[in-house]
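The sequence shown lines up with residues 1 to 458 when you count with the UniProt record's numbering.
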Amino acid sequence: MTDRKKAAPKGHGKSGNATVPGLVARKAASDILGRVTGKGRPLDQEVDPQNGHAGFKTLDTRDRALVRAILGTALRRRGQISAILDALLDRPIPEKSGVVENLLHVGLAQILFMDVPDHAAVDIAVSMSEKDRRCLPYKGLVNAVLRRATREKAEILGSFDKPELAAPEWLFNRWRAAFGEETAAAIAGMHVFEPNLDLTVKEDADGWAEKLGGTRIGKATVRLSEHSGPVEYLEGFSDGAWWVQDAAASLPALLLGDIAGKRIGDLCAAPGGKTAQLAAMGADVTAIDISASRLKRLERNLARLGLKAAIVATDLRYFTPDDPYDAILLDAPCSATGTIRRHPDVAWSKTPLDIEMLAAVQEDLLTRAFAWLKPGGLMVFCTCSLEPEEGEKRIEAFLAATPNARRIPVKPAEIGGIEGAITPDGDLRTLPSLLPMDPPEHGGLDGFFASRIEKTAK
1 MTDRKKAAPK GHGKSGNATV PGLVARKAAS DILGRVTGKG RPLDQEVDPQ
51 NGHAGFKTLD TRDRALVRAI LGTALRRRGQ ISAILDALLD RPIPEKSGVV
101 ENLLHVGLAQ ILFMDVPDHA AVDIAVSMSE KDRRCLPYKG LVNAVLRRAT
151 REKAEILGSF DKPELAAPEW LFNRWRAAFG EETAAAIAGM HVFEPNLDLT
201 VKEDADGWAE KLGGTRIGKA TVRLSEHSGP VEYLEGFSDG AWWVQDAAAS
251 LPALLLGDIA GKRIGDLCAA PGGKTAQLAA MGADVTAIDI SASRLKRLER
301 NLARLGLKAA IVATDLRYFT PDDPYDAILL DAPCSATGTI RRHPDVAWSK
351 TPLDIEMLAA VQEDLLTRAF AWLKPGGLMV FCTCSLEPEE GEKRIEAFLA
401 ATPNARRIPV KPAEIGGIEG AITPDGDLRT LPSLLPMDPP EHGGLDGFFA
451 SRIEKTAK
């Protein structure tokens, strides 16, 4: 971190009115950034075209894409931008609502990390500050800080290119403790890249990789590194040949082995990627989730794919199946810190308390779900979290407290030979830094933990 410096003397940016090109989109981006980081609103909800932020819904397709790009960059680079802004300011901005800070984050994201003309980013930010009474007193400061960033861009980027800035300090320190300094830095380094589009195909992964210009990963994933545009336009979508699912998310279902004809409980099933896998493998699947609206999406996906599953909307804490299951896939609620590549807001909306509370939920669900297994049945417990409390430590505690439970170690062939994804205890542990490719942004996986447990005879 460089010494904190005073902002340059106040200056004047180009003023404008509500028709300034790009102003409405940047205003929406600034507002949404504040709602996500200040109020904990999920980014996906805010940029939903039907039910999202009011300002976002009024934008055309091109401006919506711009807002998504700005927000993705501002959140992926939030640690860097915060450190840079701290160095550019003499003291914190006293404006209480955070509107000025959000405006500056949006401007710096464009100037430092996006292909946006510097003068446009500065002028629009100054125009925005003129139109909000909370920002107006800081118009000169906004202008000075952003113009200084344009002048000193190379120096700034060199000084603040540190992997530990890609996450809040408390979260990076957890990764350092769990995985070591080098791996923690590699994880954080992958979070600055947009994720690839991964598809799970029903059959013939190599054939679909050739058709779509992608790369096969593992057993049934096709990765499209250069894709842009709606997935609905891709070959095979309307025919139900594949569904969108990160390569790591496709692995837990594979650990149940041959489940054709078996009765499977898919718990916390929405949005349904794993349900589709289980159904495509020939299982008699019951998909259970607390969210009726998310299950509607699951139902639509299954219909497109030509697959079937029984669907139950209920709270698992008050559910008991009519008969025991042959196998269970429990994709438990978690902090989702393994999905920061796809959901960069997660890094800035979760807290240590969230991890503690969710670990307690997982403990309860593990115990309940295990009771629903037939003797000799398998349960795969998984979370999309990088936190040991929601993975390795959760399973260690469960096995210690459950005499008729034993771990069945994962074998490399079961996950398509993905290197480095099996722990010394035999559990599955994927990291964003796994699956390296050239260039680096074409590689990576979501962070997942999965453990396979057998219910032995009493």
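Heads up, the beta-carbon is just placed ideally off N, CA and C, and yes, glycines get one too.
- The C-alpha of residue 217 lies about 7 Å from the C-alpha of residue 247.
- Within the DSSP bridge table, the entry for residue 430 names 448 as partners.
- Going by C-alpha positions, residue 116 is about 11 Å away from residue 69.
- With 16 or more neighbouring CB atoms inside 10 Å of its own CB, residue 335 falls in the buried class.
- Between residue 345 and residue 221, the alpha-carbon positions lie close to 26 Å from each other.
- Scanning 42, 260, 26, 444 for the CA closest to the CA of residue 197 turns up 444.
- Non-local C-beta neighbours of residue 163 in its own chain, meaning closer than 6 Å and more than five positions away in sequence, comprise 185, 188, 189, ordered along the chain.
- Under the three-state reduction of DSSP, residue 226 is assigned to coil, being neither helix nor strand.
- Shown here, residue 179 sits in a helix according to DSSP, grouped into three states.
- Here the alpha carbons of residue 120 and residue 427 stand approximately 50 Å from one another.
- Every alpha helix (DSSP H) stretch that sits fully inside the segment 31-97 and reaches 4 residues is listed by chain position as 43-46, 54-57, 61-76, 78-88.
- Fully enclosed beta strand (DSSP E) runs of no fewer than 3 residues occupy 197-201 of the segment 120-206, in order along the chain.
- In this structure, DSSP gives residue 341 a state outside helix and strand, which the three-state scheme calls coil.
- Taking the Cα positions, residue 87 is about 21 Å away from residue 137.
- The DSSP-derived three-state label of residue 237 is coil.
- By the Cβ criterion, the segment 222-233 is not in contact with the segment 252-260, since fewer than three pairs of Cβ atoms, one from each stretch, lie closer than 8 Å.
- For residue 380, the enclosing beta strand (DSSP E) starts and ends at 373-383.
- Distances from the CA of residue 390 to each of 210, 308, 178 were compared; the closest alpha carbon is that of 178.
- Contact between residue 349 and residue 447 is absent: CB atoms are separated by about 16 Å, not below the 8 Å threshold.
- Beta-bridge partners of residue 244 (DSSP): 199.
- Residue 421 is a Cβ neighbour of residue 434, given a cutoff of 8 Å.
- Look at residue 302 here: in three-state DSSP terms it is helix.
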